[in-house]
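Student: Chains as they are written, first to last, in this note's numbering: chain A, 1 to 415; chain B, 1001 to 1294.
Think of the CB as a built atom: it goes at the ideal place given N, C-alpha and C, for glycine as much as any other residue.
1) Please say whether residue 278 (chain A) and residue 257 (chain A) have beta carbons closer to each other than 8 Å?
2) With a CB to CB cut of under 7 Å and the five nearest residues on each side skipped, what residues in its chain are close to residue 23 (chain A)?
3) What are the boundary residues of the beta strand (DSSP E) that includes residue 149 (chain A)?
4) Taking contact to mean at least 3 C-beta pairs separated by less than 8 Å, is the segment 1198 to 1205 of chain B in contact with the segment 1051 to 1059 of chain B?
5) Would residue 99 (chain A) be called buried (16 or more neighbouring beta carbons within 10 Å of its own) or exposed?
6) Can you give the Cα-Cα distance for residue 313 (chain A) and residue 151 (chain A), rounded to whole angstroms?
7) Taking the alpha carbon of residue 124 (chain A) as the point to measure from, which residue in A:133, A:84, A:138 and A:90 has its own alpha carbon closest?
8) Verify whether the separation of the beta carbon atoms of residue 1342 (chain B) and residue 1044 (chain B) is less than 8 Å.
9) Would you be able to state if there are at least three C-beta pairs under 8 Å between the segment 1237 to 1255 of chain B and the segment 1090 to 1103 of chain B?
10) Nearest to residue 1276 (chain B) by alpha carbon, out of B:1111, B:1293 and B:1252?
11) To the nearest angstrom, how far is it from the Cα of residue 189 (chain A) to the Cα of residue 336 (chain A)?
12) Which class does residue 106 (chain A) belong to by DSSP, given the choice of helix, strand or coil?
13) Is it true that the segment 295 to 306 of chain A meets the segment 34 to 41 of chain A, where meeting means three or more beta-carbon pairs spaced less than 8 Å apart?
14) In the DSSP output, which residue or residues are listed as bridge partners for residue 156 (chain A)?
15) So that I know if they touch, is there some Cβ in chain A lying closer than 8 Å to that of residue 1048 (chain B)?
16) Going along chain B in order, which residues have a C-beta closer than 9 Å to the C-beta of residue 466 (chain A)?
17) Output yes if chain E places a C-beta closer than 8 Å to the C-beta of residue 244 (chain A); else output no.
18) From the beta carbon of residue 229 (chain A), is the nearest beta carbon of chain B less than 8 Å away?
19) Just to check my reading of the structure: residue 1111 (chain B) and residue 1076 (chain B) have Cβ atoms closer than 8 Å, yes? What is that Cβ distance to the nearest angstrom?
20) Would you mind listing the alpha helix (DSSP H) stretches within the segment 59 to 127 of chain A that are 4+ residues and don't spill past its ends, in chain order?
21) Kindly provide the ranges of any alpha helix (DSSP H) runs that are 4 or more residues long and lie completely inside the segment 1049 to 1137 of chain B, ordered along the chain.
22) For a contact defined as C-beta to C-beta under 7 Å, what are the partners of residue 240 (chain A) on chain B?
23) Quick one: is residue 1269 (chain B) near chain A, going by C-beta distance under 8 Å?
24) Look up residue 392 (chain A) in the DSSP assignment and say whether it is helix, strand or coil.
25) Quick check: what's the CA-CA separation for residue 316 (chain A) versus residue 266 (chain A)?
26) Please report the straight-line C-alpha distance between residue 1009 (chain B) and residue 1269 (chain B), rounded to a whole angstrom.
27) Going by DSSP, name the residue or residues bridged to residue 351 (chain A).
28) For the candidate residues A:276, A:228 and A:209, whose alpha-carbon lies nearest to that of residue 218 (chain A)?
29) Could you give the distance in angstroms between the alpha-carbon of residue 1114 (chain B) and the alpha-carbon of residue 360 (chain A)?
30) Name the chain B residues that come within less than 7 Å of residue 205 (chain A), Cβ to Cβ?
31) Compare the C-beta of residue 400 (chain A) against all C-beta atoms of chain B and say whether one is closer than 8 Å.
32) Beta carbons nearer than 9 Å to chain A: which residues of the segment 1019 to 1053 of chain B have them?
33) Give the single residue among A:393, A:363 and A:198 whose Cα lies nearest to the Cα of residue 345 (chain A).
34) Note down, in chain order, every chain A residue with its Cβ under 7 Å from the Cβ of residue 1178 (chain B).
35) Against chain A, does residue 1063 (chain B) count as a neighbour if the rule is that its beta carbon must be under 8 Å from one of theirs?
36) Any beta carbon of chain B sitting closer than 8 Å to that of residue 397 (chain A)?
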């Protein structure tokens, strides 16, 4: 008995050693051919529906559509919840890069978090593909050679929505501004357009973020007698502002609301009865053309609840990953992982083209440009089915939609 | 136009009124908390989630069963109150003999789980819920445009607070409750079923939260975070009023709503923190709260 035991023991030890060696050898071979993407966004708060798990579903769809695994390249996706707090976002980013060998930080809504991530990624020479944060500072005062700002920004929203409101006669403005980096940037950029078009900003309030009750601020807006109330906020803040503005009769008395950043999930939550007639600017709408419809059909089963239509932030994640993987396939994994700046430069050199966001290009300052679309929310009578919410009012060509590079003041371009 | 402290008078009156309306929600929620704490000695951190459940049950009643606002106002608190009874029987009742901290941790955890479940099912943007047809429209008060629905909320909240106070202070069952709070063993000795009374008290406190949730559904976006946003403020209200003091929480609820409203005019950025500043000052001067017994 003892002999058998000993034999078993020795055999077991040998087997363990052999098996133990095998996976680690395999792991090394795999690691040499693996890129890691960390999706960092709001998984549990007010921005969850505009990015959250929907962004992750779009990333997985992009990996599948890119056909990169057939070339023997593995793509690993990590998901993190930054809870809209810059400290949490910064800690997760450091952990992912330093410990988990993550190559790309993706999505990152909430401008204050995005700006923190922007700095860390640049220090570590990795890649930051931002889809869901809006501040135009990411390609302006705080631009970085490691960052591409993919989907939209405060300048583009201000120009399209703000410009359209001023042209329609809304020449006096009052702002409800979410009190953090994003709100401040959106207010600043919109105010510039209003003034340039001959309008006036008669006042504004900075509202604590996130907020629930906006009635006190809306009454102040009404007292200012401004023709337009600019909502420099997003997600749940925008929904509550619009809902309560209707309740307090602002819109019925002729005041116009400018939802400077509104997503299709916000419209869905408000219902067409309340949201009808609002205008908003997006770079993606699921029902825009055959390609966007085809993309939506593919990704929809994996979206939250199997019914949430992707919004522009999520579609931007798809587009960014699709383009990044093209660069990885061309450069090879070791080269693509070696230097974030080099890979970003390669991405800038190639035009972008995918089903979700169509054709576009990436400028030297990291701004991806494409046409922006001004939509009006349909009335319940005009809507022909579920999620049929927008009609296209106007398209701004890619070259005019975003801030000219010279006006951004991006520092690394000068060196 | 007349000005008070450099602010146009109409604007100031408007904010006072709106503060009172928000105060109505604070009062209703803190009332439930105070009742539960007074009786069970449990700090019910699930309260925010139960407020949210009230709003969601109202939404479900409308969309799945076609039961409108008025029905929901009655049925939603009953359903959510029943879940409260189950929670108390199966979990909270086991913690009465332990330190407060355990009850706090349990209810906090349950609250997070409930919010997570709703978030998974309904997402974060929320659901539309319309103001009932009878209460749509608004009064023009001269200094502001006052939605009829908000007026209704203040009136109902006041009636509800008064009714709860009357039940506890003036009825026989209320006197049992108060006696059981003081000395449960003695009350039990008189043949009164104290554990059942505690269960029902918890259920009633939870039902109050759900009632406030139904009231809030047409005003705020019905979303899983709606309770979490409010509950921290409500806890501050309860602490300022004095833990367990019913009258204290009602008065503090309304007055803090007003203070918050005024802050929105003078320094909007601080409107979410002003309540905690007040809390710090009150705790320094009167550690038991304004109406609490030390």
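Tutor: The short version:
1) Counting from 1 along the first chain, the entry for residue 257 (chain A) is found at position 257. Counting from 1 along the first chain, the entry for residue 278 (chain A) is found at position 278. Their beta carbons are under 8 Å apart, which means residue 257 (chain A) touches residue 278 (chain A) by this criterion.
2) For the purposes of this step, residue 23 (chain A) is identified with residue 23 of the first chain, where counting begins at 1. In this prediction, residue 23 (chain A) has a pLDDT of 44, which is less than 50 and means its spatial position is unreliable; nothing more can be read from the coordinates.
3) Counting from one through the first chain, the residue named residue 149 (chain A) turns up at place 149. Residues 147 to 149.
4) Short answer: they don't touch.
5) Numbered from its first residue, the first chain carries residue 99 (chain A) at position 99. Flag for residue 99 (chain A) reads exposed.
6) Counting from one through the first chain, the residue named residue 313 (chain A) turns up at place 313. Counting from one through the first chain, the residue named residue 151 (chain A) turns up at place 151. Spanning the two alpha carbons is a distance of roughly 6 Å.
7) For the purposes of this step, residue 124 (chain A) is identified with residue 124 of the first chain, where counting begins at 1. Nearest of A:133, A:84, A:138 and A:90 to residue 124 (chain A), Cα basis: A:90.
8) There is simply no residue 1342 (chain B) to check, as chain B begins at 1001 and stops at 1294 in what is shown.
9) no
10) Residue numbering aside, residue 1276 (chain B) sits at position 276 when the second chain is read from its first letter. Nearest C-alpha to residue 1276 (chain B): B:1252.
11) By one-based count along the first chain, residue 189 (chain A) stands at place 189. By one-based count along the first chain, residue 336 (chain A) stands at place 336. Roughly 35 Å between the two C-alpha positions.
12) Mapped onto the first chain, residue 106 (chain A) falls at position 106. Residue 106 (chain A) falls in the strand class under three-state DSSP.
13) no
14) Translated into positions along the first chain, residue 156 (chain A) becomes position 156. The partner list for residue 156 (chain A) (beta bridge, DSSP) is empty, contrary to what the question assumes.
15) The sequence position of residue 1048 (chain B) within the second chain is 48, counting from 1. False, the Cβ-Cβ gap to chain A never drops below 8 Å.
16) There is simply no residue 466 (chain A) to check, as chain A begins at 1 and stops at 415 in what is shown.
17) Chain labels in this structure do not include chain E; the protein chains are A and B.
18) Locating residue 229 (chain A) in the first chain gives position 229, where the first residue counts as 1. Taking Cβ atoms only, chain B never reaches closer than 8 Å to residue 229 (chain A), which makes this a no.
19) Your numbering for residue 1111 (chain B) matches position 111 in the second chain. Your numbering for residue 1076 (chain B) matches position 76 in the second chain. Between residue 1076 (chain B) and residue 1111 (chain B) the Cβ distance is about 18 Å, and since that is not below 8 Å, they are no contact.
20) 86 to 98 and 111 to 124
21) 1069 to 1090 and 1100 to 1122
22) Locating residue 240 (chain A) in the first chain gives position 240, where the first residue counts as 1. Contact note: residue 240 (chain A) reaches chain B through 1220 and 1221, using a C-beta cutoff of 7 Å and chain order.
23) Taking the second chain and counting its residues from 1, the one referred to as residue 1269 (chain B) is at position 269. Chain A, which has a Cβ nearer than 8 Å to the Cβ of residue 1269 (chain B), makes this yes.
24) Residue mapping note: residue 392 (chain A) aligns to position 392 of the first chain, counting from 1. Note: residue 392 (chain A) maps to strand in three-state DSSP.
25) Along the first chain, one-based indexing puts residue 316 (chain A) at 316. Along the first chain, one-based indexing puts residue 266 (chain A) at 266. Taking the straight line from one Cα to the other gives about 17 Å.
26) By 1-based counting over the second chain, the position of residue 1009 (chain B) is 9. By 1-based counting over the second chain, the position of residue 1269 (chain B) is 269. Each residue's Cα considered, the two are about 21 Å apart.
27) Residue mapping note: residue 351 (chain A) aligns to position 351 of the first chain, counting from 1. Paired residues: none, contrary to the question.
28) Position 218 of the first chain, counted from the first residue, corresponds to residue 218 (chain A). Looking at the Cα atoms, A:228 is the closest of the given residues.
29) Indexing the second chain from 1 puts residue 1114 (chain B) at position 114. Indexing the first chain from 1 puts residue 360 (chain A) at position 360. Each residue's Cα considered, the two are about 43 Å apart.
30) In the first chain, residue 205 (chain A) corresponds to position 205, counting from 1. For a Cβ distance threshold of 7 Å, residue set 1268 of chain B lies close to residue 205 (chain A), ordered along the chain.
31) Residue numbering aside, residue 400 (chain A) sits at position 400 when the first chain is read from its first letter. No, residue 400 (chain A) does not count as interfacial toward chain B.
32) 1019, 1021, 1022 and 1025
33) Here residue 345 (chain A) corresponds to residue number 345 of the first chain, with the count starting at 1. Checking every option, the nearest Cα to that of residue 345 (chain A) belongs to A:363.
34) Position 178 of the second chain, counted from the first residue, corresponds to residue 1178 (chain B). For residue 1178 (chain B), none of the residues of chain A pass the 7 Å Cβ criterion, the least Cβ distance being about 34 Å.
35) Here residue 1063 (chain B) corresponds to residue number 63 of the second chain, with the count starting at 1. For residue 1063 (chain B), the answer is no, since every Cβ of chain A falls outside 8 Å of its Cβ.
36) As a first step, residue 397 (chain A) must be located in the first chain, where it is residue number 397. Answer no: the Cβ-Cβ gap between residue 397 (chain A) and chain B never drops below 8 Å.
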